[in-house]
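Chemist: My questions all concern the structure below.
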């Protein structure tokens with residue numbers, strides 16, 4: 478593999494530093510929420526990962542459209558990279574949400590509209606990789622993957638708006654109030670600092686992992702092409 | 434929980450949450466690193482297989498008749514076969 482570009486190396490280091498600062502802000506700097514206690518602190522990483530994951534799924538849908546128009550495998554690689562990183566981030570979101578729900582709602586999981594749409598989104602993209610694994614022809618795989626990611630992309634905005642469209646117990650902390658919500662809270666100024674810093678941090682970490690994953694995809698393609706050449 | 438007078442101690446859940454978040458991220462970073470390392474190895478092996486065979490040198494004086502001047506075993510050819518076998522084995526193992 479070609480050595481990493483200097484900019485990516487810098488981004489790797491910056492991501493680690495930002496993650497450290499964000500953890501400090503979330504665990505030490507932000508005040509303890511009086512009703513829920515320390516478990517509320519998972520909220521900063523929960524929202525940070527959710528934001529980047531949903532953005533990644535929407536980005537993947539955009540890459541799918543571009544691939545279907547241009548038929549260039551570069552866009553397929555970008556799409557796979559975006560979905561893979563988003564899938565990991567969204568898994569963290571769901572697990573953190575479940576951990577928060579145990580003391581707040583007295584249950585690990587409930588089939589609330591937000592939780593259900595989130596679980597369905599995660600499973601849609603797990604199935605995306607299963608679909609790709611089953612197709613050998615690179616062009617066919619990219620075409621099927623693009624159509625699937627385009628349709629699957631609809632689940633991201635649906636998940637985001639689920640707490641605004643349906644009756645749900647999931648709190649709406651930013652930009653809305655939900656009278657049915659259980660476990661909501663209003664943020665203090667220090668909480669806002671930790672919150673927005675976490676959003677920024679996870680955006681940078683996402684870009685860093687996305688870039689690394691694109692390079693891995695390039696290498697996979699090169700190896701696949703060389704294998705074909707050697708086998709001929 | 435919401436009618437209590439004191440803040441509950443939920444730090445155990447918080448620690449579990451952050452631990453899981455960091456473990457999942459670390460595992461993903463490790464998976465990217467391991468996959469790229471394996472692909473690097475595959476790439477170098479495939480390049481070795483793909484290398485064109487060295488051209489056979491023929492002398493202008495025609496075929497050699499003297500056994501003394503001819504090496505008993507062609508080291509280049511032998512090594513080439515051996516490495517090809519090794520590469521095939523390794524390639525099978527990796528894919």
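Protein chains in written order, with this note's numbering: chain A, 478 to 709; chain B, 434 to 528.
For every residue, glycine included, the Cβ atom is placed at its ideal position computed from N, Cα and C.
Please read all numbers here as calculations on a predicted model, not as lab measurements.
(1) Could you please tell me which residues of the stretch 594–614 of chain A, in chain order, have their CB closer than 7 Å to any CB of chain B?
(2) Distance, Cα to Cα, residue 601 (chain A) vs residue 565 (chain A)?
(3) Roughly how many angstroms lie between the CA atoms of residue 619 (chain A) and residue 612 (chain A), to the nearest whole one?
(4) Looking at residue 552 (chain A) and residue 623 (chain A), is the spacing between their C-beta atoms short of 9 Å?
(5) Could you give the residue range of the alpha helix (DSSP H) that holds residue 574 (chain A)?
(6) List the residues of chain A whose Cβ lies closer than 7 Å to the Cβ of residue 454 (chain B), in chain order.
(7) At least one CB of chain B closer than 9 Å to the CB of residue 580 (chain A): is that the case?
(8) Out of A:532, A:555, A:649, which one is the CA nearest neighbour of residue 540 (chain A)?
(9) Quick one: is residue 452 (chain B) buried, meaning 16 or more other Cβ sit within 10 Å of its Cβ, or exposed?
(10) On the three-state DSSP scale, how would you describe residue 701 (chain A)?
(11) Using 8 Å as the threshold, is the stretch 668–684 of chain A in touch with the stretch 529–537 of chain A, meaning 3 or more CB pairs across them?
(12) So for residue 514 (chain A), helix, strand or coil by DSSP?
(13) By the three-class DSSP mapping on this structure, what secondary structure does residue 484 (chain B) have?
(14) Leaving out five residues on either side along the sequence, give the residues of the same chain with a beta carbon under 7 Å from the beta carbon of residue 518 (chain A).
(15) Exposed or buried, residue 495 (chain B), counting other C-beta atoms within 10 Å across all chains shown (16 or more means buried)?
(16) I'd like to check one pair, residue 639 (chain A) with residue 524 (chain A): are the Cβ atoms closer than 9 Å?
(17) Would you call the CB atoms of residue 537 (chain A) and residue 563 (chain A) closer than 9 Å?
(18) Which residues bound the alpha helix (DSSP H) around residue 590 (chain A)?
(19) Shortest alpha-carbon distance to residue 627 (chain A) belongs to which of A:615, A:668, A:546?
(20) Can you look up residue 669 (chain A) in the DSSP assignment and give me helix, strand or coil?
(21) Alpha carbon to alpha carbon, how far is residue 471 (chain B) from residue 501 (chain B)? Give it in angstroms, no decimals.
(22) Tell whether a beta-carbon distance below 9 Å holds between residue 632 (chain A) and residue 680 (chain A).
(23) Is residue 480 (chain A) helix, strand or coil by DSSP?
(24) For residue 608 (chain A), which residues of its own chain have a beta-carbon under 8 Å away from its beta-carbon, when the five flanking residues on both sides are left out?
(25) Run through chain B and tell me which residues come within less than 9 Å of residue 422 (chain A), C-beta to C-beta.
(26) Smallest Cα separation from residue 646 (chain A): which of A:533, A:572, A:487, A:587?
(27) When you compare the CB positions of residue 590 (chain A) and residue 643 (chain A), do they come within less than 9 Å of one another, or not?
(28) Find the residues of chain A that neighbour residue 472 (chain B), judging by a C-beta separation of less than 9 Å, and give them in chain order.
(29) When the distance is taken between beta carbons, is residue 690 (chain A) closer than 9 Å to residue 481 (chain A)?
(30) For a test of the three-state rule: what should DSSP assign to residue 663 (chain A), helix, strand or coil?
(31) Thinking residue 615 (chain A) and residue 441 (chain B) are a contact (beta carbons under 8 Å), I'd like their distance in whole angstroms, please.
(32) From the DSSP output, in three-state form, read off residue 586 (chain A) for me.
(33) Going by alpha carbons, who is nearest to residue 707 (chain A) out of B:466, B:478, B:438, B:483?
Modeler: Taking the definition as stated:
(1) none
(2) In a straight line, the C-alpha of residue 601 (chain A) is about 13 Å away from that of residue 565 (chain A).
(3) 9 Å
(4) It is a contact, given that the beta carbons lie within the stated cut-off.
(5) 550–582
(6) 522, 569, 573
(7) yes
(8) A:555
(9) exposed
(10) helix
(11) yes
(12) Looking at residue 514 (chain A) - three-state DSSP - the assignment turns out to be strand.
(13) DSSP places residue 484 (chain B) in coil when its eight states are reduced to three.
(14) 503, 504, 507
(15) Any reading at residue 495 (chain B) is ruled out, since the residue's pLDDT is 48, under 50, leaving its predicted position unreliable.
(16) Result no, Cβ atoms of residue 524 (chain A) and residue 639 (chain A) do not sit closer than 9 Å.
(17) Yes, the pair counts as a contact, with Cβ atoms nearer than the cut-off.
(18) 590–610
(19) A:546
(20) Reduced to three states, the DSSP call for residue 669 (chain A) is helix.
(21) Because the pLDDT of residue 501 (chain B) is 44, which lies under 50, any placement of that residue in the model is unreliable, and the number read from its coordinates should be weighed accordingly. Rounded to the nearest angstrom, the two C-alpha atoms are 46 Å apart.
(22) no
(23) Coil.
(24) 621, 622, 625
(25) Lying before the first or after the last residue shown, residue 422 (chain A) is absent from chain A, which here runs from 478 to 709.
(26) A:587
(27) yes
(28) For a Cβ distance threshold of 9 Å, residue set 478, 693, 696, 697, 699, 700 of chain A lies close to residue 472 (chain B), ordered along the chain.
(29) no
(30) coil
(31) Residue 615 (chain A) to residue 441 (chain B), Cβ: 54 Å. No contact.
(32) coil
(33) B:483
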